[in-house]
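K.L.:
My questions all concern the structure below.
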Amino acid sequence: MPTSRRVVVLDDDEASRGSLEKLLAGAGFDVDARPLKGAVEHVIGDRNTGLVLIGATGDPARGLSLLETLRADLRTRERPVVLIMDGTSESMPDAFGVAFERGADDVVRRPYGEGELIARVSRQHRIRRFVDALEDERNDAQVMLELTQSLASSLDFREILYTVVRRIADVVQVQRVSIVLAPEADDEHVGHVIVTSDDEQLSNLRLDLSKYPEIRQALRTRRPLTISDASTHPVLDGVRGDIEHTELSALSLFPIVWEDQAIGVLFLRARAERGELSRREMHLCQMVAGATAVALRNARVMQSLRDHTQQITFARFEAERRLRQLKRYADLFASAAEGIAVVDTEGCLRFANPRAYEIVGQEEEQLGSPKLREIIHAEDQERIQGLWDGFARGEYPRGVDLRVLHQSGEYVVISCSFASLTDEDGSVLVSFQDVTEQRRTEAEFVKTMEFLESLIDASVDGIVAADMDGNVILFNQGAERIYGYRAEEVVGRMVTRDLYPEGGASDVMRRLRSDQFGGTGRLAPTNMHALAANGELIPIRLSAAMIYERGEPVATFGIFTDLREKLRVEERLAEAQQRLASTEKQALIAELAGTAAHELNQPLTSVMAYAELLERKLEAGTAEHRAAGIMVREVERMAEIVRKIGKMTKYETKSYVGRQKILDLDAASDPDATSEVGGVSEEI
-11 MPTSRRVVVL
-1 DDDEASRGSL
9 EKLLAGAGFD
19 VDARPLKGAV
29 EHVIGDRNTG
39 LVLIGATGDP
49 ARGLSLLETL
59 RADLRTRERP
69 VVLIMDGTSE
79 SMPDAFGVAF
89 ERGADDVVRR
99 PYGEGELIAR
109 VSRQHRIRRF
119 VDALEDERND
129 AQVMLELTQS
139 LASSLDFREI
149 LYTVVRRIAD
159 VVQVQRVSIV
169 LAPEADDEHV
179 GHVIVTSDDE
189 QLSNLRLDLS
199 KYPEIRQALR
209 TRRPLTISDA
219 STHPVLDGVR
229 GDIEHTELSA
239 LSLFPIVWED
249 QAIGVLFLRA
259 RAERGELSRR
269 EMHLCQMVAG
279 ATAVALRNAR
289 VMQSLRDHTQ
299 QITFARFEAE
309 RRLRQLKRYA
319 DLFASAAEGI
329 AVVDTEGCLR
339 FANPRAYEIV
349 GQEEEQLGSP
359 KLREIIHAED
369 QERIQGLWDG
379 FARGEYPRGV
389 DLRVLHQSGE
399 YVVISCSFAS
409 LTDEDGSVLV
419 SFQDVTEQRR
429 TEAEFVKTME
439 FLESLIDASV
449 DGIVAADMDG
459 NVILFNQGAE
469 RIYGYRAEEV
479 VGRMVTRDLY
489 PEGGASDVMR
499 RLRSDQFGGT
509 GRLAPTNMHA
519 LAANGELIPI
529 RLSAAMIYER
539 GEPVATFGIF
549 TDLREKLRVE
559 ERLAEAQQRL
569 ASTEKQALIA
579 ELAGTAAHEL
589 NQPLTSVMAY
599 AELLERKLEA
609 GTAEHRAAGI
619 MVREVERMAE
629 IVRKIGKMTK
639 YETKSYVGRQ
649 KILDLDAASD
659 PDATSEVGGV
669 SEEI
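The working numbering numbers the first residue of the sequence shown as -11 and each following residue consecutively.
In structure tokens form, the structure reads like this:
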């Protein structure tokens, strides 16, 4: 085990203890500082302690006593101990010599330099690492000696290998150690577990290496592979479902190499909490793997698998015999426009026509006989498994899309149909064709349709489409808002006649067929009325057109805008303009009245003054005197009229002669007065 950088600082002086803790922690050590009391039990119980630093401040005897106790206990005898002591001590003049005699690895004199203390502590760590490394090498050499003796003491290769895996499992402390032989050249996807530490009876267990990508990688790279957690390691992404519930999820694999060829794997399994192997354990396993390669070679393991090899040879012969039978159909398969392949119950390709190789972009020599799972997209693996399960039940579906890896590195989409070969044992005939472009076009079409549907639904205007019989086939949200119908109440249930007042739909079709309203098949924006769900006539502005296919109209659509709000705004605007015109007229009348009153008042004043002067100068009773009096009264009447003009607050008229109207000064100048019947009154 590697030496820990944990340092236990023991000092009764709190200030000194804190200073040491801060100094060592700053140097990268894991520091545990505590007083001397109870320190022995703590140090003995803490297996992670790398070094003990005793600060014997003031009383060196306590520090030396603690040192003696640590050296007397087997559990702490080998741990490095450094003492910090004062330069002189009256109670123990030769304290430094005594400290070394009692087992101190180093003694630091106070006062000390911080760099010196860190250097001494680091030096003790290095020394301890060297000692531990030598001890580990000694132990590993002892293990290798034992295994070498075991390999040389028995001619039974299974006994030899079982001894090896059991010993490794004990030394490295893992739950299972197995030796897996690499596949042979004629069956590169099958390995064999020849021995395992937790089952002495297991032998030559057939292993489908497509489910063990970690073994394939170790064999391919000929380098050790460590997987701390099988549930998350990327190497196992393709087989994650097969290892979800395994308890032994920490994996270590060491290739067994003979003459630059990986002939097997030393496979260690442990629980995740066990953690990864140390560097020493890795080195030991690599040495064992090398020794095992020699043992396998010397014991001629390959020869011991003769029976199994014969079975493989027979199976291969049988497969070749069946292949020769299938050659009768070679001409038929070769001329087929579709890819045709035959796969066995294991999913291995047994035969394929040239078109099949062309679709996947491979030559027959390059493709060989892979399992379908190896060239099928990972996301389609579950579908493949479902297909194989269905084959066992006699279910052979048609038109199944699968994504297959092309030689270019891209995936092509193939549409597959399956059938059983009645004269074969479980083999399945697969016919397929490349539909990559077709599926891509379909996907683009769906995307475009979804975009257009979103665009139509987002429009603030109403959009309605119908076939040539008037059946509504599109009714967007804007139309729902205007008409008051829901789309599901209209589409497929109503005709365009229901959306217009009597004759409205026929009028729209008439205009569409005419060339006078925007051209044949088009209707320029036109104001008309729509019929809402509540029977209300809604003013709308409609634009419409016909949809043609191959020159023939197949549907119509209309885009219409609700004009109700626009008309209300126009009405309010007209009223406002009318009130503005009236206000301007009244203002003009008021200004004119004021000007007239002002201008007439001055000459009237002069006329009245002269008339009164004449009336006083003339002799009473004469015709001239009476004429002067009449002049005075008429001038006063005119003055009253001028005053009324100046007091006009509204525009009042009254009948005069026939149908003529004249201004009613009395009513116009009296706020409480009302106009005559038929008159007009406007406030100024």
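Yeah, the Cβ is synthetic: ideal placement off N, Cα and C, and Gly gets one too. These numbers come from a predicted model, not from an experiment.
What are the start and end residues of the alpha helix (DSSP H) that includes Met591?
P.N.:
According to the sequence provided, residue 591 is Pro. The question's Met does not apply to it. Where Pro591 is concerned, the enclosing alpha helix (DSSP H) stretches over 552 to 605.
K.L.:
Can you confirm whether the stretch 529 to 542 touches the stretch 439 to 448 when touching is taken to mean that 3 or more C-beta pairs between the two stretches lie within less than 8 Å?
P.N.:
No: the two stretches stay apart, fewer than three of their Cβ pairs being nearer than 8 Å.
K.L.:
For Leu8, does the three-state DSSP call read helix, strand or coil?
P.N.:
Residue state, collapsed to three classes: helix.
K.L.:
Quick one: complete beta strand (DSSP E) runs, 3+ long, within the stretch 393 to 441?
P.N.:
Correct list: 399 to 408, 416 to 422.
K.L.:
What are the start and end residues of the beta strand (DSSP E) that includes Ser166?
P.N.:
That run of the beta strand (DSSP E) goes 164 to 169.
K.L.:
Quickly, what does DSSP pair Tyr345 with across the bridge? List them, please.
P.N.:
Paired residues: none, contrary to the question.
K.L.:
Whose C-beta lies closer than 7 Å to the C-beta of Leu197 among residues of the same chain, with five residues either side of it excluded?
P.N.:
Here the set comprises Pro171, His177, Val178, Gly179, Ile203, Arg204.
K.L.:
Pull the bridge partners of Gln249 from the DSSP assignment, please.
P.N.:
In the DSSP output, where bridge partners are listed per residue, Gln249 has Trp246.
K.L.:
What is the rounded straight-line gap between the Cα of Pro23 and the Cα of Asp0?
P.N.:
One C-alpha to the other measures close to 5 Å.
K.L.:
How about Ile244 and Leu284: are their beta carbons less than 8 Å apart?
P.N.:
The answer is yes: Cβ separation under 8 Å.
K.L.:
Since Tyr536 is in the beta strand (DSSP E), which residue starts that stretch and which ends it?
P.N.:
525 to 537 is the span of the beta strand (DSSP E), which, as asked, contains Tyr536.
K.L.:
Once the 5 residues before and after Ser415 are set aside, which same chain residues still bring their CB inside 6 Å of it?
P.N.:
So the list reads Val330, Asp332, Leu409, once near-sequence residues are dropped.
K.L.:
Is it the case that the Cβ atoms of Leu(-2) and Leu54 are separated by a distance below 8 Å?
P.N.:
Closer than 8 Å, so yes.
K.L.:
What does DSSP give as the partner residues of Thr234 in its beta bridges?
P.N.:
Answer is none; Thr234 lacks a bridge partner.
K.L.:
With distances taken from CA atoms, which of Pro385, Ser396, Phe545, Asp422 is nearest Ser403?
P.N.:
That would be Asp422, whose Cα lies nearest to the Cα of Ser403.
K.L.:
From this set, Arg154, Glu89, Ser4, which residue's C-alpha is nearest Arg675's C-alpha?
P.N.:
Absent from the structure is residue 675, since the part of the chain shown begins at -11 and ends at 672.
K.L.:
Measuring only the C-alpha atoms, how far is Met290 from Met275?
P.N.:
Because Met290 sits at a pLDDT of 47, beneath the cut-off of 50, its placement in the model cannot be relied upon, and the following sentence gives the value as read from the coordinates. When rounded, the distance between both Cα atoms is 22 Å.
K.L.:
What does the alpha-carbon distance come out to for the pair Gln373 and Thr280?
P.N.:
If you take the alpha carbons of Gln373 and Thr280, they lie about 38 Å apart.
K.L.:
Starting from the C-beta of Arg338, find all residues in its chain whose C-beta is less than 6 Å away, skip the five residues before and the five after it, and write them out in chain order.
P.N.:
Around Arg338: Val330, Asp332.
K.L.:
Can you say whether Arg267 is buried or exposed, counting buried as having 16 or more other CB atoms within 10 angstroms of its CB?
P.N.:
By the 10 Å Cβ count, Arg267 comes out exposed.
K.L.:
Can you list, in chain order, the residues of its chain whose CB lies under 7 Å from that of Thr549, leaving out five sequence neighbours each side?
P.N.:
Asp449, Ile528, Arg529, listed in sequence order.
K.L.:
Along the chain, which unbroken stretches of the alpha helix (DSSP H) at least 4 residues long are found entirely within the stretch 50 to 127?
P.N.:
List check, alpha helix (DSSP H) in window: 83 to 89.
K.L.:
Tell me the residue span of the beta strand (DSSP E) that contains Ala512.
P.N.:
510 to 519 is the span of the beta strand (DSSP E), which, as asked, contains Ala512.
K.L.:
Considering just the uninterrupted stretch of the alpha helix (DSSP H) at Ser377, what are its terminal residues?
P.N.:
At residue 377 the sequence reads Asp, which differs from the Ser that was named. Looking at the DSSP string, the run of the alpha helix (DSSP H) that includes Asp377 is 369 to 380.
K.L.:
Going by the CB atoms, is the gap between Ala27 and Leu8 shorter than 8 Å?
P.N.:
For Leu8 and Ala27, no; Cβs fall outside 8 Å.
K.L.:
Hey, quick one: how far does the alpha helix (DSSP H) through Ile470 stretch, first residue to last?
P.N.:
Taken as a continuous stretch (DSSP letters only), the alpha helix (DSSP H) holding Ile470 covers 465 to 471.
K.L.:
What would DSSP say about Thr301, mapped onto helix, strand or coil?
P.N.:
It is helical.
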